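Under the working numbering, the first residue of the sequence shown is numbered 32, with each subsequent residue one higher. Note that CB positions come from ideal geometry on N, CA and C, so glycine has one too. Please read all numbers here as calculations on a predicted model, not as lab measurements. This report concerns only the one structure given below.
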Amino acid sequence: MKILVLNGPNLNMLGIREKSIYGSETYEDLLNLIKETAKENKIEVEVYQSNHEGGLVDRIQQAYFDGTEGIVINPAAYTHTSVAILDALKGVSLPAVEVHLSDVSQREDFRQISYAGMACVKTIMGKGFLGYKEGMEFLVEKYDRKGE
């Protein structure tokens, strides 16, 4: 199975920004966990991070054409604002899991709407980096058809 892991704005600053919310682990630590999870589950993974909405939309659209079979996405701040990301996810019709490091349901009022989540088969929040592992393993369990 081939999975695309997408990370939105400011996630490249993990370990630096708002440690009381996001912890002290770095973006490099997250990448290592993703690679380890892919190896454990015998899947191919690509990770893409952008601080630009259009970059994320372009990569979602490219996934339709490059053999990607599932998406794990942390749209970060774009979760609450981007109809463009919602439309891109809907447009490619690939199973997607929305991941958030923090429990956004317990945060500010403006974070209570997730546009991207409207196109996702599952949302995982408040589990830190392990949410990515859970999301990847969910896609493998539910959508990997190679063994059938």
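Cα-Cα separation between residue i and residue j, rounded to whole angstroms
i: H111; j: E84; result: 12 Å
i: E179; j: Y79; result: Reliability of the predicted coordinates at E179 is poor, the pLDDT of 49 falling under 50, and the value obtained from them is presented with this limitation in mind. C-alpha separation (whole angstroms): 29 Å.
i: E56; j: S124; result: 32 Å
i: G157; j: I34; result: 22 Å
i: L62; j: L37; result: 11 Å
i: L120; j: V135; result: 21 Å
i: V76; j: Q143; result: 29 Å
i: I65; j: Q93; result: 21 Å
i: H131; j: L42; result: 11 Å
i: E67; j: G162; result: 14 Å
i: A108; j: G86; result: 14 Å
Nearest residue (CA-CA) to residue i, options the options
i: V128; options: Q137, V114 and S145; result: S145
i: G159; options: G54, L35, N43 and L62; result: G54
i: S51; options: S133, Q143 and F169; result: S133
i: G122; options: S136, V103, D89 and V130; result: D89
i: E168; options: Y109, D60 and V103; result: V103
i: D175; options: T99, A107, H131 and A147; result: T99
i: K164; options: D97, G86 and D60; result: D60
i: K173; options: E67, L161 and V152; result: V152
Cβ neighbour criterion (16 or more within 10 Å) applied to residue i
i: Y95; result: exposed
i: V114; result: exposed
i: I47; result: exposed
i: M32; result: buried
N-terminal and C-terminal residue of the beta strand (DSSP E) that residue i is part of
i: G122; result: Counting along the chain, G122 falls outside any beta strand (DSSP E), though it belongs to the alpha helix (DSSP H) covering V114 to V123.
i: M156; result: K153 to M156
i: G101; result: G101 to N105
Whole-angstrom C-beta distance between residue j and residue i, which should lie under 8 Å
i: L117; j: M149; result: 6 Å
i: A69; j: P106; result: About 21 Å separates the two Cβ atoms, so there is no contact after all.
Residue range of the unbroken alpha helix (DSSP H) whose run includes residue i
i: I91; result: E84 to F96
i: L35; result: It is not in any alpha helix (DSSP H) - L35 instead sits in the beta strand (DSSP E) that spans K33 to N38.
i: A150; result: It is not in any alpha helix (DSSP H) - A150 carries neither H nor E in the DSSP assignment.
i: Y53; result: K50 to Y53
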